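Single-structure report; data block below.
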Amino acid sequence: MPPSRARIRSLLSGYLDRHPGERDALAGLSAALDAAADATADVTGRSALPGHITCSGVVVGADGRVLHVRHRTTRLLLPPGGHVEAGDDTLLGAALRKIEEETGIPPSDLVPAPEFGHALIDIGVHAVDADPVKGEPAHTHYDFRFVFRSAGGPAPVRRQEEGAGFAWLSQDEVRPRALRTKLRAAVPDGVVTPVNASAVVHDGHGRYLLHLRDANKPGIWAPGCWDVLGGGREPGDATLRDTVVRELREEAGLEPDDLEPYRVERVVGTDGTCVPIQIFTGRWDGDPSTLTLTEGQLLAWIHPDQLPHLTMLPTTRELVERHAAEHPAPAARARRRTADPATAGVPSGTVPHVIGVHLHLEHEGRVLLGLRHPDSAYAGGRWHALAGHLEAEAATAGLAREAREEAGLVIDPADLDLVHTVHTVDRPGARPRMQLFFRPRRWEGVPEVREPDRCLGWQWFSHEDLPESVVPYTRVAIEGIRAGRSYSELGWAR
Numbered sequence: 188m189p190p191s192r193a194r195i196r197s198l199l200s201g202y203l204d205r206h207p208g209e210r211d212a213l214a215g216l217s218a219a220l221d222a223a224a225d226a227t228a229d230v231t232g233r234s235a236l237p238g239h240i241t242c243s244g245v246v247v248g249a250d251g252r253v254l255h256v257r258h259r260t261t262r263l264l265l266p267p268g269g270h271v272e273a274g275d276d277t278l279l280g281a282a283l284r285k286i287e288e289e290t291g292i293p294p295s296d297l298v299p300a301p302e303f304g305h306a307l308i309d310i311g312v313h314a315v316d317a318d319p320v321k322g323e324p325a326h327t328h329y330d331f332r333f334v335f336r337s338a339g340g341p342a343p344v345r346r347q348e349e350g351a352g353f354a355w356l357s358q359d360e361v362r363p364r365a366l367r368t369k370l371r372a373a374v375p376d377g378v379v380t381p382v383n384a385s386a387v388v389h390d391g392h393g394r395y396l397l398h399l400r401d402a403n404k405p406g407i408w409a410p411g412c413w414d415v416l417g418g419g420r421e422p423g424d425a426t427l428r429d430t431v432v433r434e435l436r437e438e439a440g441l442e443p444d445d446l447e448p449y450r451v452e453r454v455v456g457t458d459g460t461c462v463p464i465q466i467f468t469g470r471w472d473g474d475p476s477t478l479t480l481t482e483g484q485l486l487a488w489i490h491p492d493q494l495p496h497l498t499m500l501p502t503t504r505e506l507v508e509r510h511a512a513e514h515p516a517p518a519a520r521a522r523r524r525t526a527d528p529a530t531a532g533v534p535s536g537t538v539p540h541v542i543g544v545h546l547h548l549e550h551e552g553r554v555l556l557g558l559r560h561p562d563s564a565y566a567g568g569r570w571h572a573l574a575g576h577l578e579a580e581a582a583t584a585g586l587a588r589e590a591r592e593e594a595g596l597v598i599d600p601a602d603l604d605l606v607h608t609v610h611t612v613d614r615p616g617a618r619p620r621m622q623l624f625f626r627p628r629r630w631e632g633v634p635e636v637r638e639p640d641r642c643l644g645w646q647w648f649s650h651e652d653l654p655e656s657v658v659p660y661t662r663v664a665i666e667g668i669r670a671g672r673s674y675s676e677l678g679w680a681r
């Protein structure tokens, strides 16, 4: 059946609220939608006169360029698009179908631009001349345009319609002009950022809190499946952490401890497009039956061994299994410690220290710092040195790896010199940390943001004018390096 008239009217109404100056140009379409003679009349079919709706998909690549295909009749380069077909349930679906038909790019490779979601970026009005061969009189096309970003890197064009070509044009070259103006104002680049957030809630002993979703509600995500809790960002959410806190409270009255970012997952949404989700983790060890569940049918503790026997999306199962493998339950950790010769013979009473490695990178008298993402579990919204925790590796190798992963810098571990150590403890009873700062004798590359969920940007600062919001021990280290000191302590009671 054709897309619902109510949904089309809602799309048009929202668009005109944003662009009231286009009401006159779209008056004919508004009149057709409001006509009382036949409330079921289709305004999307090719035979609808004196005009009907067409749909286009504006695909913005990772580099900000926009995909255009050559129109077979006019020979103009335009975004993919065309008529709505009988099998299109929604206008967004029609735009996605045309993109795939004309370029071979499937919906799962695309993310609706978060600035618009499923709303319109533009409506083009085109007068179409009569075509005696097809028996079509002159009429008007109202082209509903949706904007998408490439889900992961460049969106490869896999197929072209016969006789057509394609090109990726800069936003200054986008056609038509009205679309170009709106695109440059609202979608400056093709960077994909999550607008949904979910939480892997566990009890610290190997169990995971999952909820069974409703099975028969139309249009919901993962009906009848076990899933983690979460949802979409709303206007009042300043950060995605605010989103997940609100969703957990609204869905289950749940407030877990130590919510922190875990990873970004990509799933296929109900419309077939890619949905990037910021996953958080948090601990809670209460009784699910005491929670007030407002969505879904059931909350329950689930052990990873039960996952193969439950109805759930493969992405959810893989997410929980990955977290369980990375965070084994205490009994499993104890068994691993016993079997691990690396921990054998550790003196009784020894307190393990967390080892952090940091890059002290200087250029023309300035030092490199990165602005931490507001949702970061540590120092959100503060400036910090490029840093990370060690895996099973030497400190210099670990820092060289972190520099490559976080900022695209190439450093030979042999070129790193230890220039300062800060022995820190955040509060009495907290695990102590050894923060090692290394300065490279040589390095290659220009700092770039490789992990946008952790760092918003890199910037060079003079030593005399560091920002106020520098992580305290990072400031101590920078000042110690300038003074020629090799060691500092922070947080210890004397």
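Numbering (the numbering used here), first residue to last: 188 to 681. For every residue, glycine included, the Cβ atom is placed at its ideal position computed from N, Cα and C. All of these numbers come straight from a predicted model, not from anything done at the bench.
Check	Outcome
Pairwise C-alpha distance: A354 and G678	58 Å
Closest Cα partner of W413 within the set F624, R626, W488	W488
H547: first and last residue of the uninterrupted beta strand (DSSP E) it sits in	Unbroken run through H547: none, as it is neither H nor E.
In DSSP terms, what L356 is bridged to	V253
Simplified DSSP assignment, three categories, for T479	coil
Proximity of W570 and S649 at Cβ, strictly below 7 Å	no
Length of the line joining the Cα atoms of W630 and E549	10 Å
Meets three-Cβ-pair contact criterion under 8 Å: the stretch 439-452 and the stretch 376-396	yes
Cut-off 8 Å between Cβ atoms - residues of its own chain near E638, not counting five sequence neighbours on either side	E592, E593
8 Å contact criterion, which P375 and G251 should meet: CB distance rounded	7 Å
Contact check, L296 vs A338, beta carbons under 7 Å	In the sequence as presented, Leu is not what sits at residue 296; that position holds Asp. Closer than 7 Å, so yes.
Cut-off 7 Å between Cβ atoms - residues of its own chain near D602, not counting five sequence neighbours on either side	P627, R628, R629
Environment of S675 [buried if 16+ CB atoms lie within 10 Å]	buried
Beta strand (DSSP E) segment containing L486, residue limits	485-489
DSSP three-state assignment for E705, whether helix, strand or coil	This structure does not reach residue 705, given that the chain is present from 188 up to 681, and the question cannot be answered.
A624 - partner residues in DSSP beta bridges	The question names Ala, but residue 624 in the sequence shown is Phe. Bridge partners of F624: H545, H607.
Run of the beta strand (DSSP E) containing A594, from where it starts to where it stops	From DSSP, A594 is part of no beta strand (DSSP E) but of the alpha helix (DSSP H) over 582-594.
Member of E288, S243, V388 whose CA lies at the smallest distance from the CA of V334	S243
V559, DSSP secondary structure in three states	For the record, residue 559 in the displayed sequence is Arg; it is not Val. In the structure shown, R559 sits in a strand (DSSP, three-state: E or B).
Residue nearest to D390 in terms of C-alpha spacing, selected from P405, E442, G377	E442
Same chain only: Cβ atoms within 6 Å of G440, ignoring 5 sequence neighbours per side	L478, T479
Alpha-carbon spacing of S191 relative to D276, whole angstroms	8 Å
One or two residues paired with A317 in a DSSP bridge	For A317, which the question treats as bridged, DSSP gives no partner whatsoever.
Length of the line joining the Cα atoms of L586 and L500	36 Å
Bridge partners - D330, DSSP secondary structure assignment	T241, G311
Other residues of its chain near A521: CB distance less than 6 Å, five sequence neighbours each side excluded	For A521, the predicted model reports a pLDDT of 47, less than 50, meaning its position is unreliable; a value from the coordinates is still stated below. Answer for A521: no residue qualifies.
Sequence-distant residues of its chain with Cβ nearer than 6 Å to L278 (five each side left out)	P190, C242, F331
Exposure label - K404; buried when at least 16 CB within 10 Å	exposed
For L366, the nearest candidate out of A664, L307, P293 (CA to CA)	L307
Reduced DSSP category for H398 - H, G, I as helix; E, B as strand; rest coil	strand
Beta bridge counterpart(s) of R470 as assigned by DSSP	H389, D444
Beta-carbon proximity of V361 to V432, cut-off 7 Å	no
V606 beta carbon less than 7 Å from that of Q622	no
When L396, I464, L399 are compared against G418, the one with the closest alpha-carbon	I464
Residues near P561 by beta carbon distance below 7 Å, same chain, minus five either side	T426, G567, G568
L199 to R553 span [Cα, whole Å]	52 Å
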